[in-house]
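J.: Following full-length UniProt numbering, the numbering of the sequence shown begins with 1 at its first residue and continues without gaps. Glycine residues also receive a C-beta, built at the ideal position from the N, C-alpha and C atoms. I'd like to ask some things about the structure below.
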Amino acid sequence: MRKIMRKKNNIKKWLLMIAAFLIICIVAIIVMISGNKVKYEGSGKSGLWVSNLEKSDKTSIGSNYFLNLYWQGSKKDEKRTVVEKITLFIDGKKYDDREDYALSEYTGEEMPGGGHMEDHIATFDFMPEDEVIGHDVLVKVEWKTDEKKQTEEIKLHKKLWYKR
1 MRKIMRKKNN
11 IKKWLLMIAA
21 FLIICIVAII
31 VMISGNKVKY
41 EGSGKSGLWV
51 SNLEKSDKTS
61 IGSNYFLNLY
71 WQGSKKDEKR
81 TVVEKITLFI
91 DGKKYDDRED
101 YALSEYTGEE
111 MPGGGHMEDH
121 IATFDFMPED
131 EVIGHDVLVK
141 VEWKTDEKKQ
151 TEEIKLHKKL
161 WYKR
């Protein structure tokens, strides 16, 4: 009788361990599948800027990406800071230019008459996946706060799926 009870307990333990292992595997697979948006991120040495490449939800033209640029400096400086130029480099070659972004237009604050402004600049829309993914990506930001001009380079690194 005791042998039968021990066997039943051993079988229950093994079934429980197998079930736990399967649950862990299923959760890991779901996390990997949901993390299918390849994302690159980076920040500048000064800590004033953070940038990332993000996969667009607009896939009618195929997989494509866009660039986000976030100000991480003080709110006081944010109002006086104007982005003069954002340059994107892929494998050391200039990708494209966008000019005349006034950061004060992207503060995330409430607008007169209601609504909210963006807290970042989104640019370089519709970059084909094969032009950016798997390549060295660098963002160069040129801005001025009052009359002081500054430049910062931000190297973007692939963010691993399990760190999302």
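#1: Could you name the residues of the same chain whose beta carbon sits closer than 7 angstroms to that of Gly-77, not counting the 5 residues immediately before and after it, in chain order?
#2: Count the other CB atoms within 10 Å of the CB of Thr-81; is the residue buried (16 or more) or exposed (fewer)?
#3: Helix, strand or coil for Asp-125? Go by DSSP, reduced to three states.
#4: Count the CB pairs spanning the stretch 118-131 and the stretch 58-71 that are closer than 8 angstroms, and state whether there are at least three.
#5: Which residue from His-157, Glu-147, Leu-16, Leu-48 puts its Cα closest to that of Ile-133?
#6: For Lys-93, which option in Cys-25, Ile-121, Asn-68, Val-137 has the closest C-alpha, if you only look at C-alpha atoms?
#7: Could you give the distance in angstroms between the alpha-carbon of Gln-150 and the alpha-carbon of Trp-143?
#8: State the DSSP-derived secondary structure class of Lys-155, mapped to helix, strand or coil.
#9: Roughly how many whole angstroms lie between the Cα atoms of Gln-72 and Lys-55?
#10: Could you check what DSSP says for Ile-133 in three-state terms: helix, strand or coil?
#11: So what does Tyr-95 bridge to, in DSSP terms?
#12: Hey, how far is the Cα of Tyr-95 from the Cα of Glu-84?
#13: Would you give the residue range spanned by the alpha helix (DSSP H) that Glu-78 belongs to?
#14: Closer than 7 angstroms by C-beta to Glu-41: which residues in its own chain qualify, once you throw out the five before and the five after it? Chain order, please.
#15: Among all the DSSP beta bridges, which residues are the ones paired with Glu-41?
#16: Alpha carbon to alpha carbon, how far is Lys-39 from Ile-29? Give it in angstroms, no decimals.
T.: Taking the coordinates as given:
#1: One-based indexing of the sequence shown puts residue 77 at position 77. Gly is not the amino acid found at residue 77; the sequence shown has Asp there. Excluding sequence neighbours, Asp-77 sits near Thr-145.
#2: In the sequence shown, counting from the first residue as 1, residue 81 sits at position 81. So Thr-81 counts as buried.
#3: Numbered from 1 along the sequence shown, position 125 holds the residue referred to as residue 125. Strand.
#4: Remark: three or more beta-carbon pairs, one from each stretch, lie closer than 8 angstroms, so the stretch 118-131 and the stretch 58-71 are flagged as touching.
#5: Indexing the sequence shown from 1 puts residue 133 at position 133. When only C-alpha atoms are compared, the closest one is His-157.
#6: Start at 1 with the first residue of the sequence shown, and residue 93 comes out as number 93. Nearest option by C-alpha distance: Val-137.
#7: In the sequence shown, residue 150 corresponds to position 150, counting from 1. In the sequence shown, residue 143 corresponds to position 143, counting from 1. Near 5 angstroms, if we compare the C-alpha coordinates of Trp-143 and Gln-150.
#8: Position 155 of the sequence shown holds residue 155. Looking at Lys-155 - three-state DSSP - the assignment turns out to be strand.
#9: Within the sequence shown, the letter at position 72 stands for residue 72. Within the sequence shown, the letter at position 55 stands for residue 55. In a straight line, the C-alpha of Gln-72 is about 22 angstroms away from that of Lys-55.
#10: Position 133 of the sequence shown holds residue 133. Look at Ile-133 here: in three-state DSSP terms it is coil, with no helix or strand label.
#11: Here residue 95 refers to the residue found at position 95 of the sequence shown. According to DSSP, Tyr-95 bridges with nothing at all.
#12: As a working mapping, residue 95 is identified with position 95 in the sequence shown. As a working mapping, residue 84 is identified with position 84 in the sequence shown. Distance between the alpha carbons of Tyr-95 and Glu-84: 17 angstroms.
#13: Looking up residue 78 in the sequence shown gives position 78. For Glu-78, the uninterrupted alpha helix (DSSP H) run begins and ends at 75-80, by DSSP.
#14: Taking the sequence shown and counting its residues from 1, the one referred to as residue 41 is at position 41. Correct list, in chain order: Asn-52, Leu-156, His-157, Lys-159.
#15: As a position in the sequence shown, residue 41 is number 41, starting the count at 1. Asn-52, His-157.
#16: In the sequence shown, counting from the first residue as 1, residue 29 sits at position 29. In the sequence shown, counting from the first residue as 1, residue 39 sits at position 39. Distance between the alpha carbons of Ile-29 and Lys-39 is about 18 angstroms.
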